[in-house]
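Working notes, beginning with the structure itself.
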Amino acid sequence: MANRSERLLDMRGLTLAVATGEGLLTVVEDLSLTLDAGETLGIVGESGCGKSLTSLAIMGLLEGTPVRVLAGEILFQGRDLLRLPARERRAIMGNEMSMIFQEPMTSLNPVYRIGDQIVETIREHRKISKSAARQRALELLTMVRIPDPAGRLDSYPHQLSGGQRQRVMIAMALAGSPRLLIADEPTTALDVTVQAQILKLIVDLQAETGMGVMLISHDLGVIAETCDRIAVMYRGRVVESAASAELFSAMRHPYTRGLLDSIPEADEDVDRLTAIPGRVPMLDEALAGCAFHPRCTRAGKGCDEVVPGLDMIAPSHLVRCHYPLEQDA
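Read the sequence shown against our numbering and you will find it ends at 333, with the numbers running on by one and no gaps.
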């Protein structure tokens, strides 16, 4: 279990909306999360639940997009990022906090060598010479255990495999020795063996550096292997949050159960995979009450009228549901 002696991130009531020609459509609503030093927080949910937008809001990467911050605070080591002057916030981004993006195949510039891209990242945050930055780039590639790190400095992205490119992205994210690392679907488009290697690498680097990690995924299996705590999101809200062991031993929200049941057992032959019926509602679909109720097998009186609160049903275990699953479900 991580040492939680220092609070790195304290998000309070974050609300995000997309500006359209007809007004604002809320995409994340009243979101509150915390992350301590050395801890790994997993954010899980289907596509369209607001996971990636939340990470972009933390990193200050919503400028120039139609997404607006309507309310809330994002406290990083006690400083509200939303109220910092632009220059101070830019100094934090990529330095004290950094991010691994979803697509290793497209996140690197194809016309620049790997070493030049890492050097540029390093010199953006440190006043050092090119030769010193190149030496640091070599150290970073060694740290992420890429084969032949010296040779890879002069390689182009197309000369690397998907797993190697993701290791380069991790190296670039570590260039500023961040306290907080956000990994947004870091194993997307990678095969299962490489996924396991990348996840183990992140865990090992966290143990070495003591950074806090926010791991975003749609895959509960990935989250279960690596995270201390888990927050399950659905249509912009947290619907369940608990310590990892607590969540998997006593999950209480029907959506969380549906996500877990959709993962087939490795030792079972199945003709048809289990799936949650329906889909995540579109942003412009007006839904009263619980957003999950059209897909929920436990929906009952009031579910289509009243938004459930996020209630504590056990120490540090929160659930947003009118009819939560029983303890032994």
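Each residue gets a CB set at the ideal place from its N, CA and C atoms; glycine is no exception.
Any idea what DSSP makes of residue i, helix, strand or coil?
{"i": "I174", "result": "helix"}
{"i": "A303", "result": "coil"}
{"i": "G17", "result": "strand"}
{"i": "V284", "result": "coil"}
{"i": "G262", "result": "helix"}
{"i": "M352", "result": "For the chain, the structure presents residues 5 to 333; residue 352 sits outside this window and is missing."}
{"i": "S51", "result": "coil"}
{"i": "S135", "result": "helix"}
{"i": "G225", "result": "helix"}
{"i": "M4", "result": "Residue 4 lies beyond the stretch modelled for the chain, which goes from 5 to 333, so this question has no answer here."}
{"i": "S253", "result": "helix"}
{"i": "V207", "result": "helix"}
{"i": "E10", "result": "coil"}
{"i": "L65", "result": "coil"}
{"i": "M5", "result": "With a pLDDT of only 40 at M5, under 50, the local geometry of the prediction cannot be trusted, and the value read off the model is given with reservation. Coil, per DSSP."}
{"i": "H326", "result": "coil"}
{"i": "A333", "result": "Note that A333 scores 47 on pLDDT, short of 50, meaning its location in the model is unreliable; the coordinates nonetheless yield the value given after this. Of the three classes helix, strand and coil, the one that applies to A333 here is coil, per DSSP."}
I think residue i touches residue j, with their Cβ atoms under 8 Å apart; what is that distance to the nearest whole Å?
{"i": "L20", "j": "V31", "result": "5 Å"}
{"i": "L28", "j": "R91", "result": "The pair is not a contact, with the Cβ atoms about 28 Å apart (cut-off 8 Å)."}
{"i": "A228", "j": "F252", "result": "6 Å"}
{"i": "A179", "j": "I126", "result": "5 Å"}
{"i": "L12", "j": "R130", "result": "Contact doesn't hold; Cβ gap of about 21 Å is too wide."}
{"i": "R233", "j": "L329", "result": "So it is not a contact: roughly 19 Å between Cβ atoms."}
{"i": "R299", "j": "G282", "result": "4 Å"}
{"i": "A249", "j": "H321", "result": "Going by Cβ atoms, the distance from A249 to H321 rounds to 11 Å, so no, they are not a contact pair."}
{"i": "I132", "j": "Q170", "result": "Incorrect: roughly 26 Å between the Cβ atoms, too far for contact."}
{"i": "V323", "j": "C53", "result": "So it is not a contact: roughly 16 Å between Cβ atoms."}
Output yes or no for whether 9 Å exceeds the beta carbon distance between residue i and residue j.
{"i": "R138", "j": "V123", "result": "yes"}
{"i": "F296", "j": "Y327", "result": "no"}
{"i": "P236", "j": "T191", "result": "Pro is not the amino acid found at residue 236; the sequence shown has Val there. The answer is no: Cβ separation not under 9 Å."}
{"i": "I78", "j": "M173", "result": "no"}
{"i": "P161", "j": "N113", "result": "yes"}
{"i": "G64", "j": "L85", "result": "yes"}
{"i": "E43", "j": "G293", "result": "no"}
How is the alpha helix (DSSP H) around residue i delimited, first residue to last?
{"i": "G180", "result": "Run containing G180: none; DSSP gives neither H nor E here."}
{"i": "D195", "result": "No alpha helix (DSSP H) contains D195, which DSSP labels as neither H nor E."}
{"i": "V123", "result": "I118 to H129"}
{"i": "R91", "result": "A90 to I96"}
Just reading off the beta strand (DSSP E) that residue i is part of, what are its end residues?
{"i": "D273", "result": "No beta strand (DSSP E) contains D273, which DSSP labels as neither H nor E."}
{"i": "M103", "result": "M101 to I104"}
{"i": "I220", "result": "G216 to S221"}
{"i": "S388", "result": "Residue 388 is absent from the model: the chain starts at 5 and stops at 333."}
{"i": "V310", "result": "Looking at the DSSP string, V310 is not in any beta strand (DSSP E), and its letter there is neither H nor E."}
{"i": "V31", "result": "G27 to D40"}
{"i": "A290", "result": "It is not in any beta strand (DSSP E) - A290 carries neither H nor E in the DSSP assignment."}
So with Cβ pairs under 9 Å, would you call residue i a contact of chain B?
{"i": "G167", "result": "Judged by its chain identifiers, the structure shown contains no chain B, having just a single protein chain."}
For a test of your reading of the model: does the CB of residue i fall under 8 Å from any non-hydrogen atom of the ligand MN? Yes or no.
{"i": "S248", "result": "Absent from the structure shown: the ligand MN. Ligands present: none."}
- prompt: Hey, is the segment 109 to 127 in contact with the segment 144 to 157, meaning 3+ C-beta pairs nearer than 8 Å?
  reply: Contact between the segment 109 to 127 and the segment 144 to 157 is present, because at least three Cβ pairs lie under 8 Å.
message: Would you call the segment 28 to 42 in contact with the segment 239 to 259, where contact means no fewer than 3 C-beta pairs closer than 8 Å?
response: Judged by Cβ distances under 8 Å, the segment 28 to 42 makes contact with the segment 239 to 259, as three or more pairs qualify.
message: With a threshold of 8 Å, are at least 3 pairs of Cβ atoms found where one atom belongs to the segment 183 to 195 and the other to the segment 97 to 116?
response: Taking one beta carbon from each stretch, the segment 183 to 195 and the segment 97 to 116 have 3 or more pairs nearer than 8 Å; the two touch.
- prompt: Contact between the segment 218 to 232 and the segment 48 to 57: three or more CB pairs below 8 Å?
  reply: Three or more Cβ pairs drawn from the segment 218 to 232 and the segment 48 to 57 lie within less than 8 Å of each other, which places the two stretches in contact.
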